[in-house]
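Student:
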Amino acid sequence: MTFASPVPLEYLDGTFYNDAATTFYLSPDKLVADYSIVRYERELELFKQHCPKGRVLDVGCSTGGFLFNLNRSSPDTYETWGTDVVLDAVEYAARQGIRVLSEDFLTHSPREGSFDAVTFWAVLEHLLEPRQFLVQAKNHLRSGGKCFVLVPNFRSLAIRLLGSKYRYILPQHLNYFSRQSLIALAGKDFEVIEVRTMHFNPIVILQDWRRGTDLVSDPERATLLKRTNSMKSNPWLGPLKIIYRGLESMIARFELADNLVCVLRKR
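Numbering of the sequence shown is given in my numbering, commencing with residue 315 and proceeding in unit increments.
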């Protein structure tokens with residue numbers, strides 16, 4: 315298990331994330347990227363496979379992109395809720411029709427079995443005590459309910475090639491999971507029913523290989539995300555997308571893709 319120590323207070327009390335609301339989470343490029351359905355196409359496919367309907371809570375929902383696209387792709391199928399520490403982002407999600415929990419997730423008193431699914435898309439790596447959040451997610455779930463976790467893959471091809479030059483080795487990422495450490499964490503409180511890797515961005519590898527050791531700025535990250543989604547949506551790039559998906563599938567088969575995804579079931 316690889317983790318940050320010591321951890322600056324700004325990453326623990328929400329200060330860092332609220333300060334980044336305007337420059338990153340609510341920036342025009344990031345909003346366009348988050349509300350593009352291709353942004354979450356793999357997550358949506360996996361989610362619907364394991365949770366075809368029901369009440370969903372997205373923890374760390376940011377501006378609500380996942381839930382918005384879930385409702386858009388499957389109308390009248392899910393009742394969706396979101397929660398996040400970035401207050402401006404949650405307010406934006408609410409304006410898009412997403413129900414939000416006003417209380418802090420860890421201190422919220424859930425009604426047992428309130429939800430059929432709880433999701434953590436790129437959240438646990440930001441938390442000092444990730445197990446507390448998984449235990450609270452379990453408290454929110456009905457018996458047999460599913461919990462979905464996505465984190466950066468610390469054994470990915472990108473990290474093997476780039477090491478600390480990889481742009482997602484970030485100060486605000488407090489934990490870096492391998493398959494084994496994620497299963498060890500999640501298996502304490504849930505039944506692990508599936509683990510896979512997904513997403514692969516060769517443009518990121520090429521850019522990070524060429525640059526120095528400076529952190530990639532938030533605007534640059536948002537712009538690349540928007541550009542990548544635009545390329546995936548471009549019908550003229552059909553043949554290239556077929557090649558890309560084949561390469562991504564091969565890399566994922568060897569568990570070298572950029573993100574680890576774990577599907578959990580409440581016992």
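Ideal Cβ positions, reconstructed from N, Cα and C, are used throughout, including at glycine. Keep in mind it's a predicted model, so treat the numbers as computed, not measured.
Using a Cβ-Cβ cutoff of less than 6 Å, which residues in the same chain neighbour Tyr354 once the five nearest sequence positions on both sides are dropped?
Tutor: Answer for Tyr354: Phe380, Asn383, listed in chain order.
Student: When you compare each of Ala347, His364, Asp402 to Thr509 by their alpha carbons, which one comes out closest?
Tutor: Sequence check: residue 509 is Val here, not Thr. Selected option, being the one with the closest Cα: His364.
Student: What ranges does the beta strand (DSSP E) occupy inside the segment 451 to 505, keeping only unbroken runs of at least 3 residues that lie completely in it?
Tutor: Complete beta strand (DSSP E) runs here, min 3: 455 to 466.
Student: Please look up how many angstroms separate the CB atoms of Val437 and Gly396, rounded, as I've assumed it's under 8 Å.
Tutor: With 8 Å as the limit, Val437 and Gly396 do not qualify as a contact, their Cβ atoms being about 12 Å apart.
Student: Give every residue of the same chain whose Cβ lies closer than 7 Å to the Cβ of Thr316, excluding the five residues on either side of it in the sequence, and list them in chain order.
Tutor: Counting only Cβ-Cβ distances below 7 Å, and skipping sequence neighbours, we find Phe468, Tyr490.
Student: Taking the straight line between their C-alpha atoms, what separation do you get for Ser531 and Thr537?
Tutor: If you take the alpha carbons of Ser531 and Thr537, they lie about 10 Å apart.
Student: Does the count of Cβ pairs from the segment 401 to 420 and the segment 332 to 348 closer than 8 Å reach three?
Tutor: Contact between the segment 401 to 420 and the segment 332 to 348 is present, because at least three Cβ pairs lie under 8 Å.
Student: Determine the direct distance from the alpha carbon of Lys479 to that of Tyr349, and round the result to whole angstroms.
Tutor: Between Tyr349 and Lys479, the C-alpha separation is close to 28 Å.
Student: If you run the structure through DSSP and keep just helix, strand and coil, what is Leu525?
Tutor: Checking the sequence, you will find Arg at residue 525 rather than Leu. Residue state, collapsed to three classes: coil.
Student: Here's the rule I'm using: 16 or more other beta-carbon atoms within 10 Å means buried, otherwise exposed. How should Gly477 be labelled?
Tutor: Exposed is the call here.
Student: Closer than 6 Å by C-beta to Val575: which residues in its own chain qualify, once you throw out the five before and the five after it? Chain order, please.
Tutor: Excluding positions up to five away in sequence, the list reads Leu464, Arg510, Met512.
Student: Using beta-carbon positions only, say whether Pro424 and Asp572 come within less than 8 Å of one another.
Tutor: Contact: no.
Student: Between which two residues does the alpha helix (DSSP H) holding Phe338 run?
Tutor: First-last for Phe338: undefined, no H or E at that position.
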